[in-house]
Amino acid sequence: MKRFGFLYERIVSVENCRLAILNASQKKKKRKMVKEVLDNLEYYANDLSERMSRMDFLSPYKTRIIKDGLSGKERELQVPAFYPDQCAHHAIMQILKPIIEKSSYRWSCANIPNRGIDLACKGVERATVRDRKHAKYCVKMDISKFYPSIPHGKLKARLREKIKDEKALQIIFKVIDSHNPGLPIGNYTSPWLAELYLQPLDYLIKQKHRIRHYIRYADDLVLIDSNKRKLRKALHDIFLFVEELGMTVKHDYQLFRIQPYCKERTGRRGRKIDFVGRCFGIGFTTIRKRRALALMRQSRFIQKLQRQNRPVSYRMASGFLSRCACFKHTNSYAMKKKYYETVNIKKLKEVVSNESKRKCLAQLA
Numbered sequence: 001m002k003r004f005g006f007l008y009e010r011i012v013s014v015e016n017c018r019l020a021i022l023n024a025s026q027k028k029k030k031r032k033m034v035k036e037v038l039d040n041l042e043y044y045a046n047d048l049s050e051r052m053s054r055m056d057f058l059s060p061y062k063t064r065i066i067k068d069g070l071s072g073k074e075r076e077l078q079v080p081a082f083y084p085d086q087c088a089h090h091a092i093m094q095i096l097k098p099i100i101e102k103s104s105y106r107w108s109c110a111n112i113p114n115r116g117i118d119l120a121c122k123g124v125e126r127a128t129v130r131d132r133k134h135a136k137y138c139v140k141m142d143i144s145k146f147y148p149s150i151p152h153g154k155l156k157a158r159l160r161e162k163i164k165d166e167k168a169l170q171i172i173f174k175v176i177d178s179h180n181p182g183l184p185i186g187n188y189t190s191p192w193l194a195e196l197y198l199q200p201l202d203y204l205i206k207q208k209h210r211i212r213h214y215i216r217y218a219d220d221l222v223l224i225d226s227n228k229r230k231l232r233k234a235l236h237d238i239f240l241f242v243e244e245l246g247m248t249v250k251h252d253y254q255l256f257r258i259q260p261y262c263k264e265r266t267g268r269r270g271r272k273i274d275f276v277g278r279c280f281g282i283g284f285t286t287i288r289k290r291r292a293l294a295l296m297r298q299s300r301f302i303q304k305l306q307r308q309n310r311p312v313s314y315r316m317a318s319g320f321l322s323r324c325a326c327f328k329h330t331n332s333y334a335m336k337k338k339y340y341e342t343v344n345i346k347k348l349k350e351v352v353s354n355e356s357k358r359k360c361l362a363q364l365a
């Protein structure tokens, strides 16, 4: 395995620190602290470079509890200060990103830019729509408490396999040790380090077991093949390997037959793959029930407001238009006709457009 060196000088260079501050400030430029740093960019770029050289670039995290999306799961976020923490994280990852991306698995999504939900869906549909012959059985599983359960010692050993620059490693280790246990949810570095940590698992599944289709979205794994025995062997080895990594697989893992397309309910066999907000069967894709119900409720409420000639808020209009994008990628013709085409989409787009213009004018003023 190739190991990378001479990274420390690149990480702490003033040019890299200047770019890190600019990247970290994206979509935050109205904040008081961010404005102050950007107004004195050269001073803070030099200061950040010096701080990273003497390993003094971290401050205590602020903790926030949020409810995650439609699932309503409570998650504890550690929010780092913009300066110097977030800027230092960007400075580190600007150098590490190409190294991690180079060795990442093609269908590993969520942690890498331009590899989001749409790519994960394409990966599953590559099996269920284009390769129906081999899309017979599926294993669906995920890792329990993924970020908090990543052990620092094993993550550091994994980093030593990729990087031989000791000074650069000490900077990265300082970020890792800033939170215990595991990696903090909220750090810019956490998804990238988690991606690097799970890369050996991707190679185990694809190279050793030769699973026909394998897609990973962060800590959610989907394996699709025509051979049930092969999937059982892979499942056993994944359990052992995840234990070696210091983590555990959730008890609700599933191995099941994938449901083929059938108009009549009585002829249906198997189940759909519930993954990244959609349900995949052989030859078709639908919206997850929870998301569909939320979209239906919102559609009825907007229709009611439009019938009464009452205004629709920007947040509701933009949220509904965003949710309706799923119709483009799923087989939901009847639902689209009932809940999308009955809404005056032109008026909603006007609301979003007017708000965007207002924000642009406010920035120019």
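Start counting the sequence shown at 1; every next residue gets the next number (the UniProt record's numbering).
Ideal Cβ positions, reconstructed from N, Cα and C, are used throughout, including at glycine.
For clarity, every value in this text was computed on a predicted model and none was experimentally measured.
Check                                                                                                                                                                 : Outcome
Output the boundary residues of the beta strand (DSSP E) element that contains alanine 64.                                                                            : In the sequence as presented, alanine is not what sits at residue 64; that position holds arginine. Note, arginine 64: beta strand (DSSP E), 62-68.
Since leucine 48 and arginine 64 should fall inside the 8 Å C-beta cutoff, what is the C-beta to C-beta distance between them, to a whole number of angstroms?        : Wrong, their Cβ atoms sit about 25 Å apart, outside the cutoff.
Going straight from the alpha carbon of leucine 204 to that of methionine 316, what length do you get?                                                                : 44 Å
Less than 8 Å between C-beta atoms, sequence neighbours within five positions excluded: which residues of the same chain meet that for lysine 206?                    : Tyr105 and Tyr214
Just curious, the beta strand (DSSP E) that aspartate 274 is in, first and last residue?                                                                              : 273-275
Suppose you measure from the CA of leucine 193 to the CA of phenylalanine 280; what does that come to, to the nearest Å?                                              : 30 Å
For the alpha helix (DSSP H) that glutamine 303 lies in, which residues bound it at each end?                                                                         : 289-307
Cutting at 8 Å between CB atoms, please list the residues of its own chain near asparagine 46, excluding the five before and the five after it.                       : Val14 and Cys17
From glycine 270 to arginine 229, what distance separates their C-alpha atoms?                                                                                        : 17 Å
Using the beta-carbon count (16 or more within 10 Å), is lysine 30 buried or exposed?                                                                                 : exposed
Using only the alpha-carbon positions, how far apart do residue 377 and glutamate 350 sit?                                                                            : The chain is shown only over 1 to 365; residue 377 falls outside these bounds and no answer can be derived.
What do you reckon, are the CB atoms on aspartate 142 and aspartate 202 nearer than 8 Å?                                                                              : no
Along the beta strand (DSSP E) that carries isoleucine 224, what are the first and last residues, could you check?                                                    : 220-225
Given that a residue counts as buried once 16 or more other Cβ atoms are within 10 Å of its Cβ, and exposed if not, what is asparagine 111?                           : buried
Nearest CA to the CA of phenylalanine 82: which residue from Glu101, Tyr61 and Pro98?                                                                                 : Tyr61
Once DSSP output is grouped into helix, strand and coil, what is the label at cysteine 326?                                                                           : helix
Taking the alpha helix (DSSP H) that valine 34 falls in, what are its first and last residues?                                                                        : 32-39
With 16 other CB atoms within 10 Å as the buried threshold, where does threonine 248 fall?                                                                            : exposed
For glutamate 195, count neighbouring Cβ atoms within 10 angstroms of its own Cβ and tell me buried if that reaches 16, exposed if not.                               : buried
What are the boundary residues of the beta strand (DSSP E) that includes leucine 255?                                                                                 : 254-257
Helix or strand or just coil, what does DSSP make of serine 144?                                                                                                      : coil
DSSP puts arginine 278 in a beta bridge; with which residues?                                                                                                         : Phe275 and Ile287
With distances taken between CB atoms, is the gap from lysine 167 to isoleucine 99 smaller than 8 Å?                                                                  : no
Could you tell me the distance, in whole angstroms, from the CA atom of isoleucine 224 to the CA atom of tyrosine 43?                                                 : 54 Å
Using DSSP with H/G/I as helix, E/B as strand and the rest coil, what is histidine 213?                                                                               : strand
Determine, using beta-carbon pairs with one atom in the segment 132-152 and one in the segment 249-259, whether at least three such pairs fall under 8 Å.             : yes
Cβ of leucine 169 within 8 Å of Cβ of leucine 159?                                                                                                                    : yes
DSSP on glutamine 86, reduced to helix/strand/coil?                                                                                                                   : helix
Applying the criterion that 16 or more other CB atoms from any shown protein chain within 10 Å of the CB defines a buried residue, is tyrosine 261 buried or exposed? : exposed
Measure from the alpha carbon of lysine 164 to the alpha carbon of each residue in Cys324, Pro181, Leu321 and Gly5, then state which is nearest.                      : Gly5
Over the uninterrupted alpha helix (DSSP H) stretch that includes valine 175, give me the two end residues.                                                           : 166-176
Identify the continuous beta strand (DSSP E) that holds valine 14 and give its terminal residues.                                                                     : Here valine 14 belongs to no beta strand (DSSP E); instead the alpha helix (DSSP H) covers 14-24.
Using a threshold of 8 Å, state whether the C-beta atoms of isoleucine 171 and methionine 52 are closer than that.                                                    : yes
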